[in-house]
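Report on the following structure.
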Amino acid sequence: METSLYMIGVIHRDEEGRDLLNRWLSTISPEVITLEFSKYGLAFRMEKGDTYKRKVMDVIDTLEGKHETYDKNALSFLLSSIEIPYEYDVASVYAKERHIPLYLIDMDVFSCLKLKKMEELFEERNIMDLLVGLKGMKNGKEKALARLFFEKGLRLVSYTDEMYIRDMYMSKKIEILMKHYKNRKFLHICGWQHLDDPYKLYERLNPVKVFVYDKAIRI
Numbered sequence: 027m028e029t030s031l032y033m034i035g036v037i038h039r040d041e042e043g044r045d046l047l048n049r050w051l052s053t054i055s056p057e058v059i060t061l062e063f064s065k066y067g068l069a070f071r072m073e074k075g076d077t078y079k080r081k082v083m084d085v086i087d088t089l090e091g092k093h094e095t096y097d098k099n100a101l102s103f104l105l106s107s108i109e110i111p112y113e114y115d116v117a118s119v120y121a122k123e124r125h126i127p128l129y130l131i132d133m134d135v136f137s138c139l140k141l142k143k144m145e146e147l148f149e150e151r152n153i154m155d156l157l158v159g160l161k162g163m164k165n166g167k168e169k170a171l172a173r174l175f176f177e178k179g180l181r182l183v184s185y186t187d188e189m190y191i192r193d194m195y196m197s198k199k200i201e202i203l204m205k206h207y208k209n210r211k212f213l214h215i216c217g218w219q220h221l222d223d224p225y226k227l228y229e230r231l232n233p234v235k236v237f238v239y240d241k242a243i244r245i
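In structure tokens, the structure reads:
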């Protein structure tokens, strides 16, 4: 058996994502998993996640004590931004149960820069502004954009310089791992935008790409 690579594009923070990803793991049965998630991002959430969640709930208690309303979608957004992503939960359980390796291969530097802004986001006044001032923060728009790309070929989300740098880094990491784990079936879990790969950074690895909402693998 030759070494093979599957790429699953997910929608981050998607309520349906956990079940869909589990289904694809069962379908593909990977022997090595890589994930668009950094070691720094995991450590940060494990260390500070509960503290930030308590700050949010303290603001909720204050609002409810004043009988003020707040946007539940904004609350969900705040909590999910500091929770460990469902992609990691699903992949780590699968890998542990089957005794296969799981690698977090995203770049720590970008994760560090983004998460440092959390201190400001989770200040009481900003939490209050988000909970009271923002409406409709669901991922319906994200799903619609993904569908237009996969079904109609319409690219309405720009591919950024940061994504290019990260994809270049992650594709090289996967290539190194594929050389190490010869004759293994690989699965890379990433945000759906990374499947676009306009600079063909993953092309040399000949991946089979799957959108998590697909019903079957498209060869």
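For the sequence shown, the working numbering assigns the number 27 to the initial residue and increments by one for each residue that follows. Beta carbons: idealized from backbone N, C-alpha and C, even for Gly.
Three-pair Cβ contact test at 8 Å for the segment 123–141 versus the segment 78–88:
no
How many Å lie between V200 and Y207 at the Cα?
As written in the sequence, residue 200 is Ile, which differs from the Val given in the question. Their Cα atoms are separated by approximately 10 Å.
Taking DSSP as the reference, what is the three-state secondary structure of I215?
strand
Tell me whether I153 sits in a helix, a strand or coil according to DSSP, three-state version.
helix
Tell me the residue span of the beta strand (DSSP E) that contains T186.
First-last for T186: undefined, no H or E at that position.
Tell me whether S55 is buried or exposed, calling it buried when 16 or more other Cβ atoms sit within 10 Å of its Cβ.
exposed
First and last residue of the uninterrupted alpha helix (DSSP H) at L89
K65 to G91
Nearest CA to the CA of V119: which residue from K235, L203, S52 and M72?
S52
S30 (DSSP reduced to helix, strand or coil)
strand
Are the CB atoms of V36 and V238 within a distance shorter than 8 Å?
yes
Looking at the secondary structure, which residues open and close the alpha helix (DSSP H) in which I37 lies?
Element bounds for I37: n/a, residue is neither H nor E.
What do you get for G91, buried or exposed, if any count of 16 or more other CB atoms within 10 angstroms of its CB means buried?
exposed
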